[in-house]
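>
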Amino acid sequence: MADARPRTALESAALDSLFSSARTHNVLGGSIAPETLHALYDLVKWGPTSANQSPARFVFVTSPEAKKKLEPALSEMNRPKSMAAPVTVIIGYDLAFHEKLPYLFPHTDAKSWFEGNDALIRESAFRNGTLQGAYLILAARALGLDVGPLSGFDNAMVDELFFAGTSVKSNFLVNLGVGDDGQLFPRSPRLPFDEAARIV
Numbered sequence: 001m002a003d004a005r006p007r008t009a010l011e012s013a014a015l016d017s018l019f020s021s022a023r024t025h026n027v028l029g030g031s032i033a034p035e036t037l038h039a040l041y042d043l044v045k046w047g048p049t050s051a052n053q054s055p056a057r058f059v060f061v062t063s064p065e066a067k068k069k070l071e072p073a074l075s076e077m078n079r080p081k082s083m084a085a086p087v088t089v090i091i092g093y094d095l096a097f098h099e100k101l102p103y104l105f106p107h108t109d110a111k112s113w114f115e116g117n118d119a120l121i122r123e124s125a126f127r128n129g130t131l132q133g134a135y136l137i138l139a140a141r142a143l144g145l146d147v148g149p150l151s152g153f154d155n156a157m158v159d160e161l162f163f164a165g166t167s168v169k170s171n172f173l174v175n176l177g178v179g180d181d182g183q184l185f186p187r188s189p190r191l192p193f194d195e196a197a198r199i200v
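Just so it is clear: in the sequence shown, position 32 is 32 by the UniProt record's numbering, and no numbers are missing.
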């Protein structure tokens, strides 16, 4: 049986930019216009989430004042790289995402699936918000940006500083900018198919 490929696969150069040759950058410079951040979100929002929940919330930290506000929440190792990057994105997830389901998933009463079930709300928000954070990484690469995702920070402090009075919790951070290839470490290995996957 032939592979089921009803759509045209991306050219190898595009796959290299998104996956094969893409790297995590610790040294990011340059500048990113607000219009690029809008274009970035306009790609991210189309990535699939369960019942179109779209629970991710993004804070694009760009100004010196906002960077200074974020700095004390970062681990010592992550402060220099995040302060130098033109943009640090706080990827959050909204624990009240189900309130928007009548708009986002209007053909059934999906809101009722979650009301009163805090465990399901948290699990769904975290899972699907994480997916959207991954979409942001790929969308940024598709737009020619380099990325440096990181998780070394005080979530509770970030929540207090940037999400106080809301139902949003922080998940992870992504630095955006133009990477310095000369500062990259040798690429780490990946597991081969037989150690990470199986076909049943």
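Glycine is no exception: its CB is placed at the ideal position from the N, C-alpha and C atoms.
Using DSSP with H/G/I as helix, E/B as strand and the rest coil, what is F105?
coil
> By Cβ distance, which residues of its chain are closer than 6 Å to P55, with the 5 residues on each side in sequence left out?
So the list reads Y93, D94, F97, A125, N128 and G129, once near-sequence residues are dropped.
> From which residue to which residue does the beta strand (DSSP E) around T88 run?
V87 to D94
> Where do the ends of the beta strand (DSSP E) carrying N171 lie?
V168 to G179
> According to DSSP, is A110 part of a helix, a strand, or is it coil?
coil
> Can you tell me where the alpha helix (DSSP H) holding P64 begins and where it ends?
P64 to L70
> Do the CB positions of K169 and F163 come within less than 8 Å of each other?
Yes, these two residues count as a Cβ contact at 8 Å.
> Per the DSSP calculation, R57 is bridged to which residue(s)?
Looking at the DSSP assignment, R57 forms a beta bridge with G92.
> Rank G133, A84, F114 and N171 by C-alpha distance to the C-alpha of residue 201 and give the top, closest one.
No answer is possible for residue 201: the residues shown for the chain start at 1 and end at 200.
> Please determine, among P189, V174, S188 and L28, the residue with the shortest C-alpha to C-alpha distance to F60.
V174
> Just how far apart, CA to CA, sit P102 and K111?
7 Å
> Have a look at S75, Y135 and R190 and flag the residue whose alpha-carbon is nearest the alpha-carbon of Y41.
Y135
> Is P186 helix, strand or coil when you go by DSSP?
coil
> In or out: Q183 buried (at least 16 other Cβ within 10 Å) or exposed?
By the neighbour-count criterion, in which 16 or more other beta carbons inside 10 Å mark a residue as buried, Q183 falls on the exposed side.
> What residue range is occupied by the uninterrupted alpha helix (DSSP H) comprising D42?
P34 to V44
> Any chance the region 138–150 sits against the region 17–26, with 3 or more Cβ pairs inside 8 Å?
yes
> Classify I199: buried if its beta carbon has 16 or more other beta carbons within 10 angstroms, exposed otherwise.
It is exposed - the Cβ of I199 has fewer than 16 other Cβ atoms within 10 Å.
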